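Enquirer: Top line first, the protein sequences correspond to chains A and E.
If you use this note's numbering, the first sequence closes out at 205, no skipped numbers anywhere.
If you use this note's numbering, the second sequence closes out at 139, no skipped numbers anywhere.
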Amino acid sequence: MSRAVEETNRRLLRARDAMDRAYAQPLDIPALARIAYVSEAYFIRTFRATFGETPHRYLQRRRVERSMFMLRETTRSVTDICTAVGFTSLGTFSRTFRDIVGQSPTEYRHAAKQVAVPTCFTRAWTRPVNFG
Amino acid sequence: MMTATTLSSIFVLDQDEALDFYVGTLGLEVNTDQDLGFMRWLTVNVPGDPGRAILLERPGPPSMDEATAERVRELVSKGAGGGWIGFDTDDARKTYEELKAKGVDFTDEPTERPYGVDFGLRDPFGNAIRIVQRVR
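#1: Using the rule of at least 16 other Cβ atoms within 10 Å of the residue's Cβ for burial, across every protein chain shown, is GLN211(A) buried or exposed?
#2: Pull out every residue of the stretch 76-91 of chain A whose Cβ sits closer than 7 Å to any Cβ of chain E, in chain order.
#3: Shortest alpha-carbon distance to VAL107(E) belongs to which of GLY85(E), ILE57(E) and ALA131(E)?
#4: Name, please, each residue of chain A whose Cβ falls closer than 7 Å to the Cβ of LEU16(E).
#5: Helix or strand or just coil, what does DSSP make of ASN130(E)?
#6: So, with DSSP's three-state summary, where would you put GLU32(E)?
#7: Are any of the Cβ atoms in chain E nearer than 8 Å to that of LYS186(A)?
#8: Distance, Cα to Cα, ASP111(E) vs ASP121(E)?
#9: Do you know how far the Cα of VAL174(A) is from the Cα of GLY129(E)?
#10: With GLY54(E) as the anchor, note down where its beta strand (DSSP E) starts and where it stops.
#11: In angstroms, rounded to a whole number, what distance separates the CA positions of SER66(E) and ALA7(E)?
#12: Taking C-beta pairs closer than 8 Å, name the residues in chain E that THR123(A) reaches, listed in chain order.
#13: Can you tell which of ARG139(A), ALA157(A) and PRO128(A) has its C-alpha closest to the C-alpha of TYR181(A)?
#14: I want to verify the contact list: residues of chain E whose CB lies under 8 Å from the CB of ARG94(A), in sequence order.
#15: For LEU85(A) and GLY123(E), I'd like the C-alpha separation in whole angstroms.
#16: With 16 other CB atoms within 10 Å as the buried threshold, where does THR179(A) fall?
#17: What does a CB cutoff of less than 8 Å around PHE116(A) pick up in its chain, not counting 5 residues either side in sequence?
#18: If we ignore side chains and look at the alpha-carbon of each, how far apart do GLY51(E) and LEU31(E) end up?
#19: Using 8 Å as the threshold, is the C-beta distance between ARG136(E) and ALA95(E) below it?
#20: List, in order along the chain, the chain A residues whose C-beta lies closer than 7 Å to that of GLU100(E)?
#21: Chain A partners of ARG76(E), CB-CB under 8 Å?
#22: Taking the alpha-carbon positions, what's the THR165(A) to LEU132(A) distance?
#23: For ASP93(A), which of helix, strand or coil comes out of DSSP?
#24: Hey, ARG76(E) and GLU79(A) are a contact pair by Cβ (cut 8 Å); roughly how many whole angstroms apart?
#25: From the DSSP output, which residues share a beta bridge with GLY89(E)?
#26: Excluding the five sequence neighbours on either side, which residues of its own chain have a C-beta within less than 8 Å of the C-beta of THR35(E), listed in chain order?
#27: What whole-angstrom Cβ distance do ILE3(E) and LEU59(E) have, given they're in contact under 8 Å?
#28: Just mark ALA21(E) as buried or exposed, buried being the case when its beta carbon has 16 or more other beta carbons within 10 Å.
#29: Is PRO103(A) helix, strand or coil by DSSP?
So this is what it looks like as structure tokens:
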């Protein structure tokens, strides 16, 4: 039983890693379910049970985390960053950003400090914790 | 005063599979592989650097009860095992291509960072590994 859970976890983790890599692309549940070797409905259900949030919410937080990085580290416009991380509407981006971070993208940019630790850590640790 | 980091440890779910991955795929070398009776002491190191070994430790009795070990294994397989390893390389892109040919699970591709070029991958169990070509 435990071994089966471990194998399912590992496959779901592989799908989550794929989301981390392709965060700017549209959410493709069928493709992710194929990576995890499960059906689409089972993928959504077990992803939530395993990681505490739906794939959609995870992708939103990943995109917002990447946008936070770009707001901190670059001078690109908010609109440009919105598109770069995979949002197709500035309104949705701003609303989602505020919902998760508690500030607007512009407010966040003004208050943010640059960080100097390996990027894998900033990716993991600056991902906003609002699971929604 | 401490003078060096000599031994660190990461949880693996199967030591034979770990040996195959860390030595056969990543190219590390076996430091020690000894059956101590109560555990298999399996350490590896970067070639030419035996002074810094990594223990590939299987969670289980007697160091922890079976229920705890099961929980640890679940966390490792979720990528939340608590351990990760960072390696340096002289050429990140070349190393990436070599590992890609071996079918490694990457978390991200080689990317320019302020500190160099790095990429990420996972071992067969879910542990994160980071490989960096540092700015000289």
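Ideal Cβ positions, reconstructed from N, Cα and C, are used throughout, including at glycine.
Fair warning: this is a prediction, and the values are worked out from it, not measured in the lab.
Expert: From the atom records:
#1: Here chain A comprises residues numbered 74 to 205, so residue 211(A) is not present and cannot be evaluated.
#2: VAL78, GLU79, ASN82, ARG83, LEU86, ARG87 and ASP90
#3: ALA131(E)
#4: GLU79
#5: coil
#6: strand
#7: no
#8: 9 Å
#9: 28 Å
#10: Here GLY54(E) belongs to no beta strand (DSSP E), and DSSP marks it neither H nor E.
#11: 26 Å
#12: LYS81
#13: ARG139(A)
#14: PHE109, THR110, ASP111 and GLU112
#15: 17 Å
#16: exposed
#17: LEU85, ALA88, ILE102, LEU105, ALA106, ALA109 and PRO128
#18: 9 Å
#19: Here the sequence assigns Gln to residue 136(E), which means Arg is not the residue at that position. Closer than 8 Å, so yes.
#20: Here the premise fails: no neighbours, minimum Cβ distance about 17 Å.
#21: SER75 and GLU79
#22: 14 Å
#23: helix
#24: 6 Å
#25: ARG133(E)
#26: TRP44, LEU45, THR46 and ALA56
#27: With chain E represented from 4 up to 139, any question about residue 3(E) goes unanswered, as that position is not in the structure.
#28: buried
#29: helix
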